[in-house]
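Accompanying notes for the structure given below.
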Amino acid sequence: MDVVIIGAGLGGLAAAISLAQEGIRVQILEKTPKILPVGAGIAIPPNGVRALRHLGVADTLREKGAIDMTAINLRSYDDGRELLRRPGGEEFVKNYGEPWFSIRRADYHNLLLDEAVRRGVKIHLGMEATGVDFAAGIASVTVKSGERFEGHVVIGADGIWSTTLEHLLEVDSTPIPTGDMAYRATFQSEALLSLKNEKLNGLIGKPETNIWMGPKSHAVFYPLKGGSVYNVVLVCPGKLPPDKSTNIGDVAEMRNAFASWDPMLREVLGLVSEVLMWKLCHREELVKWTRANAVVIGNASHPTLPYQQQGAAMAVEDGAVLGLLLGRLNAMGTPEDTSAYIPGILSLFERFRKRRTTVNVRGAIDNQYIFHMEDGPDVDRRDEMLGQTNWETQTPTTFSWNDLQYQSDILSFDFITEAERAFEAWCKTEESYARL
Ligand SMILES: Cc1cc2nc3c(=O)[nH]c(=O)nc-3n(C[C@H](O)[C@H](O)[C@H](O)COP(=O)(O)OP(=O)(O)OC[C@H]3O[C@@H](n4cnc5c(N)ncnc54)[C@H](O)[C@@H]3O)c2cc1C
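Read in the UniProt record's numbering, the sequence shown has 427 at position 427, and its numbers run on one by one without any break.
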């Protein structure tokens, strides 16, 4: 079986590795001439680590500078007081089966890229897909230069601004700006220590994530690269020009947006000399992700807002599961035997993944409400509710962040074993499958 993937982001690379380890030939078309991962740091929650374990790279994460988060703390925006401490480290492994890591995005990307290349995946850079053709049995992708690439399957892993999706659905699927944007910046830990701020010094050196929640905004702060670098993500209302999804930010404007926040955080922001900003967009849930022999995955099919640190994890899960399902089919016969069943497998993938990604997308939106509450009685109620959290026993809560069942569903779900079961069940229900 031959597969063409559009996009060498985290989702596309994960799919490529998963397919290649099933013995499937894979080519990736990436529009950028050089792979330059944007965004400084990224969290890999336990379910993301589970996907990486299936891809055979989880054990190299620490070597690449990934840090085990030993706690995630929610704080009040104005004075930084701790509202809820979520114990991590061994607790994550005990409760969810895997650790929760933070890593430099470039290190994460390179880890997947190297593994894909090692497994024989062909990556064509500077190839912008402009068209997808869905002839029965063979799908083909046309790139800007006019060249065509054919495969038994085409996977659109081309992110939130996916053109594959437009070809697939034949409707305008332009993402909708939420009105929020994210600033991202990094700091050397020596620069942070040079501020000689006692409170800040208490955070440096600890492998913990801190999240400040405030009116219409929140801030996330965590270490990268063994603690030598710190990452800050600030989410707040803001606009970017309609034709831009990222831009160079105005440092003064950024500081001004957080002028009434924890003095410690303001001191940190005082160190920023340049900053990048991202427009945060989303999309209504899609009716379908597949057409004939083509499918979209990751942000192309279910863009997830960064209020739950799950977008990339879901894209990588998609890639791992899709590779597994197509691999099971591939093992049943030659491409001539199996190609008629590919649309069925892609629909199975869609059914299997959609429920989970939709819960996740909605969970992130709910977190936005809780993180961004305006001062007033609702905040008092929220803070009281957070204060009553017991991480050992289920506490009734309306907030997914401290809802143990919700957390377990998102972080512990064994999507690999369940995908194998789903494939077995699919084989039994496909009447004509016996012909294979
Ligand atoms: C501020 C912020 C913080 C975040 N933090 C986290 C976090 O901590 N944890 C987490 O799990 N997620 C996080 N996310 C979400 C995460 O970044 C995305 O969900 C994830 O990168 C999606 O991966 P993807 O592979 O689907 O798409 P992308 O990463 O967008 O990759 C798409 C690829 O396709 C290429 N491409 C696009 N069009 C074409 C074309 N026509 N032809 C060829 N190639 C094309 C692009 O160049 C790109 O390489 C965050 C997002 C933001 C904005």
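Using N, Cα and C, we set each Cβ at its ideal position, and we do this for glycine too.
Under 7 Å: does the beta carbon of Q407 sit that close to some heavy atom of ligand 1?
no
Taking 7 Å as the cut-off, is the CB of K428 close to at least one heavy atom of ligand 1?
no
Taking 7 Å as the cut-off, is the beta-carbon of I370 closer than that to any non-hydrogen atom of ligand 1?
No.
Using the rule of at least 16 other Cβ atoms within 10 Å of the residue's Cβ for burial, across every protein chain shown, is Q405 buried or exposed?
exposed
Tell me whether E63 sits in a helix, a strand or coil according to DSSP, three-state version.
Coil, per DSSP.
Would you please state the rounded distance, in angstroms, between the beta carbons of A315 and G298? I believe it to be under 8 Å.
3 Å
Check whether I103 and L61 have beta carbons under 8 Å apart
Yes, the Cβ-Cβ distance between I103 and L61 is below 8 Å.
Rounding to the nearest angstrom, what Cα-Cα distance links I5 and S339 in this structure?
17 Å
Identity of the residue in L112, G89 and D2 nearest A312 by Cα
L112
What do you reckon, is the C-beta of D158 under 7 Å from a heavy atom of ligand 1?
yes
Measure the C-alpha to C-alpha separation of R266 and M385 and round it to an integer number of angstroms.
27 Å
Would you kindly work out how many angstroms separate the C-alpha atoms of T209 and A71, rounded to a whole number?
Distance between the alpha carbons of T209 and A71 is about 6 Å.
Going by the beta-carbon positions, is the gap between A419 and A51 smaller than 8 Å?
No.
Please check the pair L224 and M277, which I expect to be a contact at CB under 8 Å, by giving their CB distance rounded to whole angstroms.
In fact, because the Cβ distance is near 19 Å, the residues do not count as touching under 8 Å.
One question on the structure: do Q188 and V132 come within less than 8 Å of each other, judged by their Cβ atoms?
Taking 8 Å as the cut-off, the Cβ atoms of Q188 and V132 do not count as close.
Let me know the beta strand (DSSP E) ranges lying completely inside the region 186-230, each 3 residues or longer, listed in chain order.
Runs found: 208-214 and 217-224.
Here's the rule I'm using: 16 or more other beta-carbon atoms within 10 Å means buried, otherwise exposed. How should S408 be labelled?
exposed
Is P175 near ligand 1, going by C-beta to nearest heavy atom under 7 Å?
False, no ligand heavy atom lies under 7 Å from that Cβ.
Verify whether the separation of the beta carbon atoms of P306 and A182 is less than 8 Å.
yes
Thinking C-beta only, is V3 closer than 8 Å to V117?
Taking 8 Å as the cut-off, the beta carbon of V117 is found no closer than this to the beta carbon of V3.
Indicate, with yes or no, if ligand 1 has a heavy atom lying under 7 Å from the CB of I42.
Distances taken from the Cβ of I42 to the heavy atoms of ligand 1 include one shorter than 7 Å.
Report yes if the CB atom of S301 is closer than 8 Å to the CB atom of K279, and no otherwise.
In this structure, K279 does not lie closer than 8 Å to S301 by Cβ.
When we look at the beta-carbon of G9 and count the other beta-carbons within 10 Å, is it buried (16 or more) or exposed?
buried
CB-CB under 8 Å to T358, same chain, minus the five flanking residues each way: which ones, in chain order?
E285 and H302
With distances taken Cα to Cα, identify the nearest neighbour of T334 among E91, G137 and D114.
G137
What three-state label does DSSP hand Y183 in the structure shown?
strand
Terminal residues of the alpha helix (DSSP H) in which A14 lies:
L10 to A20
V93 to T397 span [Cα, whole Å]
Take the alpha-carbon of V93 and the one of T397: they are about 23 Å apart.
Among residues of its own chain, excluding the 5 on either side of D380, which ones have a beta-carbon nearer than 8 Å to its beta-carbon?
Counting only residues of its own chain and dropping the five nearest sequence neighbours on each side, D380 has no CB closer than 8 Å to any other CB.
Cβ of P306 within 7 Å of any heavy atom in ligand 1?
Under cutoff, so the answer is yes.
Considering only heavy atoms of ligand 1, does any lie closer than 7 Å to the CB of K31?
Flag set: Cβ of K31 near ligand 1.
Rounded to whole angstroms, what is the Cα-Cα separation between E22 and L84?
In a straight line, the C-alpha of E22 is about 43 Å away from that of L84.
Using only the heavy atoms of ligand 1, determine whether one of them is closer than 7 Å to the beta carbon of E98.
The closest heavy atom of ligand 1 lies 7 Å or more from the beta carbon of E98.
Count the other CB atoms within 10 Å of the CB of T163; is the residue buried (16 or more) or exposed (fewer)?
buried
Which of helix, strand or coil DSSP assigns to H54:
Helix at H54.
Those runs of the alpha helix (DSSP H) which lie wholly inside the region 127-176 and span at least 4 residues:
163-169
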